[in-house]
Amino acid sequence: MTSIISLHGVTRRLGGEAVLQDVSFSLPAGQSCAIIGASGSGKSTLLNLIGLLDQPCHGRLVLDGNEAAQADADQRAITRNRLLGFVFQSFNLLPQLSVLENVALPLSYRGIRLASARQIAKVQLEKVGLEPRAKYRPADLSGGQRQRVAIARALVTEPRILLADEPTGNLDGDTARGIIGLLTTLNREQFMTLLMVTHDPAMARCMDRCLLVRNGGVFDA
Ligand SMILES: Nc1ncnc2c1ncn2[C@@H]1O[C@H](COP(=O)(O)OP(=O)(O)OP(=O)(O)O)[C@@H](O)[C@H]1O
Ligand SMILES: [Mg+2]
Numbered sequence: 190m191t192s193i194i195s196l197h198g199v200t201r202r203l204g205g206e207a208v209l210q211d212v213s214f215s216l217p218a219g220q221s222c223a224i225i226g227a228s229g230s231g232k233s234t235l236l237n238l239i240g241l242l243d244q245p246c247h248g249r250l251v252l253d254g255n256e257a258a259q260a261d262a263d264q265r266a267i268t269r270n271r272l273l274g275f276v277f278q279s280f281n282l283l284p285q286l287s288v289l290e291n292v293a294l295p296l297s298y299r300g301i302r303l304a305s306a307r308q309i310a311k312v313q314l315e316k317v318g319l320e321p322r323a324k325y326r327p328a329d330l331s332g333g334q335r336q337r338v339a340i341a342r343a344l345v346t347e348p349r350i351l352l353a354d355e356p357t358g359n360l361d362g363d364t365a366r367g368i369i370g371l372l373t374t375l376n377r378e379q380f381m382t383l384l385m386v387t388h389d390p391a392m393a394r395c396m397d398r399c400l401l402v403r404n405g406g407v408f409d410a
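In this note's numbering, the protein residues as written are 190 to 410.
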């Protein structure tokens with residue numbers, strides 16, 4: 190099977206220490222994979238590299254057959270919008286925009302007209318159960334609701350790769366299971382590659398594979 194994500198000898202130093210050291214692994218297209226590891230082990234660092242929000246100090250990152258890490262900023266932004274959805278640990282919603290506008294934003298970056306973008310965003314909000322909050326600002330939502338908006342925004346472009354940093358960390362059990370059900374269905378039915386940081390062993394067991402980040406390395410767990 191073709192790899193959609195490959196890391197070759199990737200090292201990332203932060204604050205004078207190697208958070209990731211000579212990391213190599215590949216994910217076949219369509220795989221679902223949990224990332225586990227202690228707090229501070231480098232899970233978000235790893236996701237930020239794969240999500241092209243950060244660049245390795247050494248090594249190569251190949252996304253969908255293209256050398257991605259060394260590309261210039263414009264090219265990385267294009268790849269992010271075309272290929273990737275990202276659910277951040279801290280949501281990163283834009284406070285001045287409504288819920289609907291936040292979800293529609295990645296579509297506007299693609300040049301989709303406002304009316305269509307809003308319509309598509311509305312459908313995506315329904316899928317995470319937040320359509321009734323479409324006009325709210327992020328500040329007027331609960332933590333779990335913000336998390337679901339972030340998930341809707343990441344999914345609205347129908348990305349081939351979804352990177353999710355503890356996407357259900359703030360959700361109650363039932364809502365979390367609903368979100369994981371949505372993500373695993375997209376993984377199976379749309380062949381969306383799913384790479385998800387989680388502290389929950391039950392969530393990790395729902396994935397095809399589990400990677401452990403420890404002591405700067407990434408290992409099959
Ligand atoms: N900008 C930075 N400058 C210096 N050190 C950093 C920076 N960003 C992260 N680190 C360090 O890198 C290490 C890994 O951080 P990272 O956020 O990847 O951990 P994590 O595995 O996602 O943890 P958590 O489970 O708590 O989210 C931590 O020790 C952190 O202090
Ligand atoms: Mg983290």
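Built from N, CA and C at the ideal position, the CB exists for glycine as well. None of these values were measured; they are calculated from a predicted model.
Can the beta-carbon of residue i be found closer than 8 Å to that of residue j?
i    : j    : result
P348 : L289 : no
L313 : L286 : Checking the sequence, you will find Gln at residue 313 rather than Leu. Going by C-beta atoms, Q313 is not nearer than 8 Å to L286.
S297 : A306 : yes
L216 : S233 : no
M385 : A223 : yes
A341 : P284 : no
I369 : C395 : yes
V402 : G231 : yes
Where residue i and residue j are concerned, what is the direct C-alpha to C-alpha distance, given to the nearest angstrom?
i    : j    : result
T364 : E315 : 14 Å
N291 : R302 : 15 Å
S300 : P321 : Looking at the sequence shown, residue 300 is not Ser but Gly. Distance between the alpha carbons of G300 and P321: 26 Å.
I350 : Q244 : 18 Å
G332 : V407 : 30 Å
N404 : A293 : 39 Å
R337 : A323 : 12 Å
L209 : G198 : 10 Å
C246 : G367 : 38 Å
Any heavy atom of ligand 2 closer than 7 Å to the beta-carbon of residue i?
i    : result
Q169 : Outside the shown range of the chain (190 to 410) lies residue 169, about which nothing can therefore be said.
K311 : no
V386 : yes
D354 : yes
S233 : yes
Between residue i and residue j, how many whole angstroms is the CB-CB distance? I'm expecting something under 8 Å.
i    : j    : result
T268 : A262 : At roughly 11 Å, the Cβ-Cβ gap does not stay under 8 Å, so T268 and A262 are not in contact.
G196 : S213 : The residue asked about is misnamed: residue 196 is Leu in this sequence, not Gly. Contact flag correct, Cβ pair sits at about 6 Å.
Q334 : L352 : Wrong, their Cβ atoms sit about 21 Å apart, outside the cutoff.
L375 : A339 : Incorrect: roughly 15 Å between the Cβ atoms, too far for contact.
G240 : F280 : Not a contact, Cβ separation roughly 14 Å.
Answer yes or no: the CB of residue i versus the heavy atoms of ligand 1, is any distance below 7 Å?
i    : result
S192 : no
V402 : yes
V208 : yes
G229 : yes
G204 : yes
G406 : no
G240 : no
G332 : no
G226 : yes
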